[in-house]
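K.L.:
If you read the sequence shown in my numbering, its first letter stands for residue 1, the second for the next number, and so on.
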Amino acid sequence: MAAAAALTGCQNKTSVSSPDKQIKVGFSIEEGVPCYCVEKDGKSVIGMSRLGLDEHKYTFVGSETTQFDETWETTWGEERKIRNNYRELIINLEDEEKLPLQIVFRAFDDGFGFRYVLPGEGEGKIYKEQTEYRFESEPVAWSIPWNTPYYEGLWTAAPLWEKTDTLCSPLALEFPDGTYGYLHEAALDDWAAQNFYVDDSAALKTYLTPWANGTSVYVTRGEAKSPWRMLILADNITELAASRIMLNLNEPCKIEDTSWIQPMKFIGIWWAIHLDHYSWAYRILDSKGRVVGLAPKHGATTENMRRYIDFAAEHGFGGVLAEGWNEGWDGDWTSNLASFTTPTPDFDIEYLSKYAQEKSVQIIGHHETGGNISNYEQQLDTALRYYDHLGIHNVKTGYVHAKLEGKEWHKSQYGVRHMNHVIRTAATNHVCIDNHECVMPTGLCRTYPNLMTGEGVRGQEWDAWSTDGGSPASHLCILPFTRCMAGPVDFTPGTFDFSNPVHPETRVHSTLARQLALFVVVYSPLQMASDMPESYMQHPDAFRFIEQVPCDWEQSKVLDAKIGEYVVTARQDRYSADWYLGAITNEDEREIAVDLSFLEKGKTYTATIYRDGDKTEWKQNPYEIVIETQQVRAGDVLRLTLKAAGGAAVRLTE
Ligand code: NOJ
């Protein structure tokens, strides 16, 4: 690649510019190797970088440019309306055997995307995607290693070229000139998830997650399209978070009637299981998997579920999740042979689903597959139809096992195919998915909005059972710019009791006020309030915020942030003129000044503020919270003190 690497700049290349002309993507072929480069505001951001699949050499056949501009409405989201405005350049190439390859570029005002399309006919295999990124200046990158189990790691920051691990997509980037980037993929469907590594020449290269047999991607020409490789380029952190390129690069909604897809907050027989208060298992198994008795503390019982449904109905929650009622699972993580249509004898699902419906609450089902895909796929359609018949329109899926079927990575093409098959089958059965142990989201929820949320994060559950003390407060100040930008996150905020009887040294690093702020900072249209009803009843005044905060938004703005240090987010309710604000900090106490100019001019709002008190301290005194009201107007500045690992939540009503 020396020849291509030596060329710089997008001059004299076939190129496409963003509608505002600030971003320019150039394309050329150097000695048979397709290359691209990128400029922003007349400055080179990415020098000539290689493209292509495997070792093929290509010749140029032709190109065409088009443009597109539409504003579309989300089924649910951080925004009701999204503008999709880009210019497109389609490059047609041919390899040595005259097989066609298209590279399609889209330039947006806030970044760009490109993908490979394989026209023609016939089956093939891809071993190596050659896509690379030769950044002109070295950004700081926030990343996790590519093989972090289920992406449940702590993101670390370092200069990109010093990173020696292979890294997961996405990467959050901060360039030396203070601008930001977000490198990820969009519309991952029937391809392998991408990863990155830095080579000796400081090029960031692509590594596709392989099948166990070493192939990266099986392709059928005529259908095969890589996901979009995309980079957001933003002048500041607010613009970075506001970019909707990833959703725009996905296809429009394919579900005709979306009326059954309903954002909601939910509670669950769940945190109590993670704290060992209850068990998933109905039966006790010995080390050989033989049943030796009934579990004394089974959580998903008819009686417990009724109690949770009653609580949900009383406090305005739309759903209740119950885990551990699939016959045959019994908390066996290794060879899961669960039946997804037979409840355990102590969980009367027919009765409970009627009971829940009478109370206008939905039961959220649970499919823990343990990675046993064949067992799950055999039952998938029947199980989802059964749920539809019961009026259950939400299922949390799980894949707790290092490899699917004992051998394939979750984010290989095998895993991607399976997860997307579940989403499509669920869509035909009117079931929404909360995908745990998922593939990193890539915006497919635009096309299939029944893909409501997912994990792919070191969520709050780690603070129940990890032996490392719990996630540091900085973790949540990084996530909004890494995992959260890839799609909704089932982070499970809302801990109201910070004691941990099983691992007293591990806890949620948080004050009570910060737990409320997370309902605004972390977006999910299925938003769990994770603690037990009895914990919520210990702090009914603070709980009021959780009862009131919506989870479907008209618009959202990150007002201020420094990745890893603090985040201030404001969102407007989709169904009223009310705004909600969440602010959190890392391990450092800080004062923030929130500019309220996002409020409607000329109107007075009542701000109900939930904040850390003077003596609040996350380990010794986390529950102290000040709840106060104040009249505010657009242009006012709200000053808030966030204690270490603390936060503030504000409801602004007209
Ligand atoms: C791990 C998931 O993250 C957690 O939420 C779930 O409770 C367990 N697996 C059981 O499926």
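Ideal Cβ placement from N, Cα and C applies to all residues, glycine included.
Bear in mind the structure is a predicted one, so any value in this text is a computation, not a measurement.
Straight-line CA distance for residue 526 to residue 264?
P.N.:
About 5 Å.
K.L.:
How about the stretch 211-219 and the stretch 406-413: do they share at least three Cβ pairs that are nearer than 8 Å?
P.N.:
Yes, the stretch 211-219 touches the stretch 406-413.
K.L.:
So is the beta-carbon of residue 522 under 6 Å away from any non-hydrogen atom of the ligand SAH?
P.N.:
Questions concerning the ligand SAH fall outside what the structure shown contains, since the ligands it does hold are the ligand NOJ.
K.L.:
Taking 7 Å as the limit between beta carbons, can you name the residues of its chain near residue 546, skipping five residues before and five after?
P.N.:
Answer for residue 546: 494, 516, 519 and 529, listed in chain order.
K.L.:
Let me check you understand the geometry: is the CB of residue 502 closer than 6 Å to at least one non-hydrogen atom of the ligand NOJ?
P.N.:
False, no ligand heavy atom lies under 6 Å from that Cβ.
K.L.:
Have a look at 274, 487 and 458 and flag the residue whose alpha-carbon is nearest the alpha-carbon of residue 79.
P.N.:
Checked all of 274, 487 and 458; the closest Cα to residue 79 is 487.
K.L.:
Let me know the secondary structure DSSP gives residue 420 once reduced to three states.
P.N.:
If DSSP states are grouped into helix, strand and coil, residue 420 belongs with the helices.
K.L.:
At what residues does the beta strand (DSSP E) containing residue 248 begin and finish?
P.N.:
Taken as a continuous stretch (DSSP letters only), residue 248 belongs to no beta strand (DSSP E), being part of the alpha helix (DSSP H) at 245-248.
K.L.:
Does the beta-carbon of residue 510 have 16 or more other beta-carbons within 10 angstroms, so that it is buried, or is it exposed?
P.N.:
Per the 10 Å Cβ criterion, buried.
K.L.:
Leaving aside the five residues before and after residue 374 along the sequence, list all residues of the same chain whose C-beta is less than 8 Å from its C-beta, in chain order.
P.N.:
Answer for residue 374: 405, listed in chain order.
K.L.:
Put residue 650 into one of helix, strand or coil per three-state DSSP.
P.N.:
The answer is strand: DSSP assigns residue 650 an E or B state.
K.L.:
Decide if the stretch 496-512 is in contact with the stretch 618-633; the criterion is three or more beta carbon pairs, one per stretch, under 8 Å apart.
P.N.:
With the cut-off at 8 Å, the stretch 496-512 and the stretch 618-633 touch.
K.L.:
Among 26, 636, 326 and 609, which one has its Cα closest to the Cα of residue 625?
P.N.:
Residue 609 is the option with its Cα nearest to residue 625.
K.L.:
Helix, strand or coil: how does DSSP classify residue 17 here?
P.N.:
Reduced to three states, the DSSP call for residue 17 is strand.
K.L.:
Are the stretch 289-306 and the stretch 578-596 touching, with three or more C-beta to C-beta distances below 8 Å?
P.N.:
Counting Cβ pairs under 8 Å, fewer than three are found: no touch.
K.L.:
Can residue 420 and residue 432 be called in contact, C-beta distance under 7 Å?
P.N.:
For residue 420 and residue 432, no; Cβs fall outside 7 Å.
K.L.:
Report the partner residues of residue 428 according to the DSSP bridge assignment.
P.N.:
In DSSP, residue 428 forms no bridge with anything.
K.L.:
Assign residue 49 to buried or exposed, taking buried as 16 or more other Cβ atoms, counted over all protein chains shown, within 10 Å of its Cβ.
P.N.:
Looking at its Cβ environment, which holds 16 or more other Cβ atoms inside 10 Å, residue 49 is buried.
K.L.:
On the criterion of 16 or more Cβ atoms from any shown chain inside 10 Å, does residue 391 qualify as buried, or is it exposed?
P.N.:
Residue 391 should be labelled exposed.
K.L.:
Is residue 174 buried or exposed, if buried means 16 or more other CB atoms sit within 10 Å of its CB?
P.N.:
Buried: at least 16 other Cβ atoms inside 10 Å.
K.L.:
Please work out which residues of its chain come closer than 7 Å, Cβ to Cβ, to residue 316, disregarding the five sequence neighbours upstream and downstream, and give them in chain order.
P.N.:
So the qualifying residues of the chain are 547.
K.L.:
On the three-state DSSP scale, how would you describe residue 190?
P.N.:
Note: residue 190 maps to coil in three-state DSSP.
K.L.:
Rank 90, 54, 71 and 550 by C-alpha distance to the C-alpha of residue 64 and give the top, closest one.
P.N.:
Residue 64 has its Cα closest to that of 90, out of 90, 54, 71 and 550.
K.L.:
Could you pull out every unbroken alpha helix (DSSP H) segment of at least 4 residues lying fully inside the stretch 285-333, listed in chain order?
P.N.:
Fully enclosed alpha helix (DSSP H) runs of 4 or longer: 302-315.
K.L.:
Check whether the stretch 237-257 touches the stretch 431-448, counting contact only when three or more Cβ pairs, one atom from each stretch, lie closer than 8 Å.
P.N.:
Flag = yes, the stretch 237-257 and the stretch 431-448 touch.
K.L.:
Between which two residues does the alpha helix (DSSP H) holding residue 49 run?
P.N.:
Unbroken run through residue 49 is the beta strand (DSSP E), 43-50; no alpha helix (DSSP H).
K.L.:
Within the stretch 563-612, note down every full alpha helix (DSSP H) run reaching 4 residues or more, in order along the chain.
P.N.:
List check, alpha helix (DSSP H) in window: nothing returned.
K.L.:
Could you give the distance in angstroms between the alpha-carbon of residue 113 and the alpha-carbon of residue 184?
P.N.:
Distance between the alpha carbons of residue 113 and residue 184: 9 Å.
K.L.:
Look up residue 514 in the DSSP assignment and say whether it is helix, strand or coil.
P.N.:
In the structure shown, residue 514 sits in a helix (DSSP, three-state: H, G or I).
K.L.:
Taking one C-beta from the stretch 152-166 and one from the stretch 194-204 each time, how about it: are there three or more such pairs within less than 8 Å?
P.N.:
The stretch 152-166 is in contact with the stretch 194-204.
K.L.:
What distance in whole Å lies between the Cβ atoms of residue 393 and residue 430, which are believed to be in contact at a cut-off of 8 Å?
P.N.:
That pair is a contact at about 6 Å.
K.L.:
How about residue 400: is its Cβ closer than 6 Å to a heavy atom in the ligand NOJ?
P.N.:
Because some heavy atom of the ligand NOJ lies under 6 Å away, the Cβ of residue 400 counts as near it: yes.
K.L.:
In its own chain, which residues sit with a C-beta less than 8 Å from the C-beta of residue 177, not counting the 5 before and 5 after it?
P.N.:
137, listed in sequence order.
K.L.:
Could you pull the start and end residues of the alpha helix (DSSP H) that residue 353 belongs to?
P.N.:
Run containing residue 353: 349-358, per the alpha helix (DSSP H) assignment.
K.L.:
Compute the Euclidean distance between the alpha carbons of residue 330 and residue 398, then round it to the nearest angstrom.
P.N.:
Spanning the two alpha carbons is a distance of roughly 14 Å.
K.L.:
Taking 6 Å as the cut-off, is the CB of residue 327 close to at least one heavy atom of the ligand NOJ?
P.N.:
It does not: the Cβ of residue 327 is nowhere closer than 6 Å to a heavy atom of the ligand NOJ.
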